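Top to bottom, those sequences are chains C and E.
Read in order, the letters of the first sequence correspond to residues 539 to 921 in our numbering.
Read in order, the letters of the second sequence correspond to residues 32 to 151 in our numbering.
The beta-carbon is built from N, C-alpha and C at its ideal position, and this holds for glycine as well.
Predicted model, so just to flag it, every value in this text is computed and none were measured.
Heads up: the structure comes next, in structure tokens.
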Amino acid sequence: ARLSTMSSLPHVNDGGVLPAHVEEQRTRVAMDADAPRYTSTVESAGAYFASGLDNSFTIERFKREFKIELQSLTDEEMVVDLIGVDAAIANAFRRILLSEVPTMAIEKVFILNNTSMLDDEVLAHRLGLIPIKADSRYFHERAGDEDADEHNVIAFRLQVACHKGSGKANTSSAGDKNDGLINSRVLSGALQWIPQGDQETRFKDQSIGPVHNDILIAKLRPGQEIALECWCEKGVGKTHAKWSPVSTASYRLLPEIRFRKPVTGSDAQELLRKCPMRVFDIEDLEGVATARVARPRNCSMCRECIREPEWADRVQLTRVRNHFIFTIESTGVMPPEMLFKQAVQVLMQKSADLSQLLKDAMIGQANEASMADAAAEETAEPA
Amino acid sequence: MNKPDDFECWRLPDDDSVQKVTCKKDFKVPNAMMIVIEREDHTLGNLLRMQLLEDDQVLFSGYRVPHPLEPAIQVKIQTRSQNPGPVQAVQNALDKLEDELKIMKDSFAQALRDFTPAQQ
Chain C
539 ARLSTMSSLP HVNDGGVLPA HVEEQRTRVA MDADAPRYTS TVESAGAYFA SGLDNSFTIE
599 RFKREFKIEL QSLTDEEMVV DLIGVDAAIA NAFRRILLSE VPTMAIEKVF ILNNTSMLDD
659 EVLAHRLGLI PIKADSRYFH ERAGDEDADE HNVIAFRLQV ACHKGSGKAN TSSAGDKNDG
719 LINSRVLSGA LQWIPQGDQE TRFKDQSIGP VHNDILIAKL RPGQEIALEC WCEKGVGKTH
779 AKWSPVSTAS YRLLPEIRFR KPVTGSDAQE LLRKCPMRVF DIEDLEGVAT ARVARPRNCS
839 MCRECIREPE WADRVQLTRV RNHFIFTIES TGVMPPEMLF KQAVQVLMQK SADLSQLLKD
899 AMIGQANEAS MADAAAEETA EPA
Chain E
32 MNKPDDFECW RLPDDDSVQK VTCKKDFKVP NAMMIVIERE DHTLGNLLRM QLLEDDQVLF
92 SGYRVPHPLE PAIQVKIQTR SQNPGPVQAV QNALDKLEDE LKIMKDSFAQ ALRDFTPAQQ
């Protein structure tokens, strides 16, 4: 029978209340002038049984406490607040965004002619790092030297030759000091997509190509030429950083500033001057100019407000432990909200696969055990 | 010459020489198990450890990467009894994780819908 801990401790429930200082340690990371304290999360279910609080995970408690708030969203960057999750989940998302969300990037380069100043491999390396705007969900991963077809690769051609222009004919790019040369700067816009098989019909609504057309690949002088064909394959950031869909994904905990004693008058002015991130404001409370925490989000934890010992007694700097301000900066291959959804999907897939493998492993072990028993019986019988 | 392929940190070899998940009973303490998961890292390890710890039937849960050059994690779990046993505890943790992720996905979709009118 299952050892029931909950029913044997009737005073313990989900809504138990902890003493204030313990609650402070449980929910806040104290940022002192010299170092942070209470940094590790108390995760274990039984940590507060003695005080009557059940710290175990239940999906109801999670539903109650979890919130997502979108702070800002552009084509390239998204800031979203994840409230009520543990650091392990936030970090898992960050790691997955960086290294396990698949994208397309140039992997195979077939060089027909390269008389530029860049070595073949250097040129190929630079091509690999160009972000390619293509939805990786429409493609399969190509295993090694598997046959290349329209579901495996995206093909591009780059064919550029530099020669002297006729006088000042070439004024294509703004402010281009190319001395009247044609094609002296090879930009990523020069990559031409060669649709394979049915790609033309499948992707006629989405333009497949580099995210930015103005990435400088190489510089040429008259007589130099680059002619190559390159194939994009699907991969993940774990294999090579070129496949990472984010320029970075990071998170920070929500800063929280509180006053142990009210800060008034000239002290308030001094506090306002100290803070480089303009976190504080002065408001008029019953005729006294008092400092108020107006924008705690802006706080960069420079600790200027608690650097001097007398200020450390009056201003309390903490971080809220389960409130994560997530910033996702996309390279442009996918919009950032799509990246977040993909990251959740990747994690769900991992968890489902592991669950299945565990079941199979247990069934396998059970079968082995029963077969070993059966074999032992058979050998024992004749004796 | 000595460098393994880059994809080896997440892809199992094709010849079935490496099992993704291996479970070994730990005899030092009762109701304990060591699970070795190949080709995984801290992303899953820390998450699994945290999720297990939040279960009140789990007495001990920890993970480590035995060597940074070898892409595998070891997760050790001890439960209060055989019901649920260590492996069942991991299954429960993974189920709870999937429920959490479902809630996060739906909340995010809702937050996206609520945001776009405000953004204008």
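- Message: The alpha helix (DSSP H) that contains E603/C, what's its start and end?
- Response: I597 to E603
- Query: Which residue comes first and which comes last in the alpha helix (DSSP H) that contains M81/E?
  - Reply: H73 to L84
- Message: Below 8 Å on the Cβ atoms is my contact criterion, and I expect T744/C with D819/C to pass it. Report the Cβ-Cβ distance as a whole number of Å.
- Response: The sequence given here has Gln at residue 744/C, not Thr. With a Cβ gap of about 47 Å, Q744/C and D819/C do not count as contacting.
- Counting Cβ pairs closer than 8 Å, one from the region 596–612 of chain C and one from the region 127–139 of chain E, do we hit at least three? yes
- Span of the beta strand (DSSP E), counted from its first residue to its last, around H663/C: Membership of H663/C in any beta strand (DSSP E) is not indicated; the residue belongs instead to the alpha helix (DSSP H) covering D658 to G666.
- Query: Would DSSP call D126/E helix, strand or coil?
  - Reply: helix
- Helix, strand or coil for W731/C per DSSP? strand
- Query: Rounded to a whole number of angstroms, what is the C-alpha to C-alpha distance between G735/C and N593/C?
  - Reply: 57 Å
- Task: Grab the span of the alpha helix (DSSP H) containing E763/C for me, first residue to last.
- Result: According to the DSSP assignment, E763/C belongs to no alpha helix (DSSP H) but to the beta strand (DSSP E) extending over E763 to G773.
- Quick one, which of L729/C, K879/C and D657/C has its alpha-carbon nearest D137/E's? K879/C
- Task: Give the straight-line distance between the Cα atoms of L877/C and L667/C, rounded to the nearest whole angstrom.
- Result: 19 Å
- Local conformation of A140/E per DSSP, three classes: helix
- Query: Among A124/E, D72/E, N114/E and R80/E, which has the Cα closest to the Cα of P99/E?
  - Reply: When only C-alpha atoms are compared, the closest one is D72/E.
- Quick one: list the residues of chain E neighbouring I764/C, beta-carbon separation under 8 Å, in chain order. The contacting residues do not exist; I764/C stays about 27 Å from chain E at best.
- Item | C-alpha distance - M900/C paired with G76/E, whole-angstrom precision | 20 Å
- Hey, V934/C and F864/C are a contact pair by Cβ (cut 8 Å); roughly how many whole angstroms apart? This structure cannot settle anything about residue 934/C, because the visible part of chain C is limited to 539 through 921.
- Measuring only between beta-carbons, confirm whether H778/C sits less than 8 Å from chain E. yes
- Message: Can you list, in chain order, the residues of its chain with a C-beta nearer than 6 Å to that of G773/C? Leave out the 5 residues immediately preceding and following it.
- Response: W781
- Item | Delimiting residues of the beta strand (DSSP E) encompassing L485/C | Examination of residue 485/C is not possible in this model, given that chain C is present from 539 through 921 alone.
- Do L885/C and Q122/E have their CB atoms nearer than 8 Å? no
- Cβ-based neighbour list, L810/C, same chain, cut-off 6 Å, excluding 5 preceding and 5 following: F818
- Message: Between the alpha carbons of T147/E and S610/C, how many angstroms are there, rounded?
- Response: Whole-angstrom Cα-Cα distance: 10 Å.
- Closer than 7 Å, Cβ to Cβ, to anything on chain E: give me those residues from the region 881–902 of chain C, in chain order. V882, L885, M886, K888, S889, A890, L892, S893, L895, L896, A899 and M900
- Item | DSSP state of N836/C mapped onto helix, strand, coil | helix
- Assigned exposure category for P800/C - 16 Cβ within 10 Å defines buried: exposed
- If we cut at 8 Å on Cβ distances, does Q105/E have a partner in chain C? no
- Could you confirm whether any beta carbon from chain C is found closer than 8 Å to the beta carbon of I108/E? no
- Query: P847/C lies in the alpha helix (DSSP H); which residues open and close that run?
  - Reply: P847 to A850
- Item | Whole-angstrom distance between M135/E and V882/C, CA atom to CA atom | 8 Å
- Write down the C-beta distance between P783/C and T653/C rounded to the nearest angstrom, noting that I regard them as a contact closer than 8 Å. In this structure P783/C does not touch T653/C by the C-beta definition: roughly 34 Å separates them, more than the 8 Å allowed.
- Quick one, are the C-beta atoms of R841/C and L792/C less than 8 Å apart? no
- Query: Are at least three pairs of beta-carbons, each pair with one atom in the region 79–97 of chain E and one in the region 112–126 of chain E, less than 8 Å apart?
  - Reply: yes
- Query: Are the Cβ atoms of R857/C and R566/C separated by less than 8 Å?
  - Reply: yes
- Message: Here's the rule I'm using: 16 or more other beta-carbon atoms within 10 Å means buried, otherwise exposed. How should F862/C be labelled?
- Response: Its Cβ being crowded by 16 or more others within 10 Å, F862/C is buried.
- Message: For T802/C and V826/C, which I take to be in contact (beta-carbon distance under 8 Å), what is that distance rounded to the nearest angstrom?
- Response: Taking a contact as a CB-CB distance under 8 Å, the pair T802/C and V826/C counts as one, their CB atoms being some 5 Å apart.
- What three-state label does DSSP hand G902/C in the structure shown? helix
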